[in-house]
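Structure first, then comments.
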Amino acid sequence: MKKAFWAVPAAFALSLVLVSGGFAADHGDAKHPAPAKHDAKKHDSHAAHAPHWSYEGPTGPAHWGDLEEKFAACKTGMSQSPIDLKNTTAAALENLKTDYKAAPLKLLNNGHTIQVNYAPGSTFTVDGKTFELVQFHFHGPSEHLIDGKPALIEVHLVHKNDKGELAVVGVMFKEGKENKMLASIIKNMPKEKNKEKTVASVNINATEMMPASPAYFHYSGSLTTPPCSEGVNWSVMKTPIEASKDQITKLSKAMGINARPVQPVNKRAVMETK
Ligand SMILES: [Zn+2]
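Residue 53 is where the sequence shown starts when you use the working numbering, and the numbers rise one by one after that.
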């Protein structure tokens, strides 16, 4: 996985840097791939120093735009995420199309979220464009609000295309019956930060993170973590999926509070399926 990461073209690597919240940005130039055997050392050195940004205090969301020049969009951007999904425009949106394949469970605690890295070959189509699923990760409480209300957990399925463009699907969790995939994730939670853990014996399918109902909100936004880059194609499913109270508690505890507050909608159109 890591070998493949460093071997990818710069545009792809950039999108990974963006979606991983700057994690890889500390590790040098993606144009000059480091040998895979050096990766473990790099990860150790990263784990040794504190993250450059956080969810509270002087490095919290209100200060992200001032922490580093490359985080400026967090402060100056006019199309930021998340947002409160209300006062939307009903539109004849096409159904989202997913073609997710089963994949071995690859888990990462990057210090900001619990992330599941996904094997290549699973696709998502929105607005006539096809993207590939790269990873999904969790926020607790949810980052998006629906009519002013947060959900307990929100999962973000992050997709990119060969131009490096991003499309993210948000799905809310509500308390209910146990979620099978979350059970696998919680059972195999990595103890060490910034070290991907592969559980080859466990196959997952991201389809389990999607609700049965196709209804969704749609708008153009940003990454919800530094560098807050804009041009992200957002779809947030209207219907939540379920997880047990115990699962929600355990996942929330593993992540800590990691929700960026909602951002101004400004002049954006926020659409909703009819
Ligand atoms: Zn996210």
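Idealized CB from N, CA, C, for every residue including glycine.
Secondary structure of E146 (DSSP, three-state): coil. When beta bridges are read from the DSSP output, N285 appears opposite A219 and S272.
Contact between A143 and E324 holds, with the beta-carbon distance rounding to 7 Å and staying under 8 Å. Closest in alpha carbon position to T177, among L145, N169 and A155, is L145.
With a 10 Å radius around the Cβ and a threshold of 16 neighbouring Cβ atoms, I237 comes out buried.
Going by DSSP, S133 is part of no alpha helix (DSSP H) at all; its letter is neither H nor E. Each of H189, H191, H208 and T276 has a C-beta closer than 6 Å to some heavy atom of ligand 1; these make up the full list, in chain order. For the pair K127 and P279, the Cα-to-Cα distance works out to about 10 Å.
With 16 or more other Cβ atoms from the protein chains shown falling within 10 Å of its own Cβ, E206 counts as buried. When only Cα atoms are considered, P242 and K249 end up about 6 Å apart. Here the region 299-307 does not lie against the region 253-270, with fewer than 3 beta-carbon pairs under 8 Å apart.
Apart from the 5 residues on each side of it in sequence, R320 sits with its Cβ closer than 7 Å to the Cβ of S131, Y271 and S272 in its chain, given in chain order.
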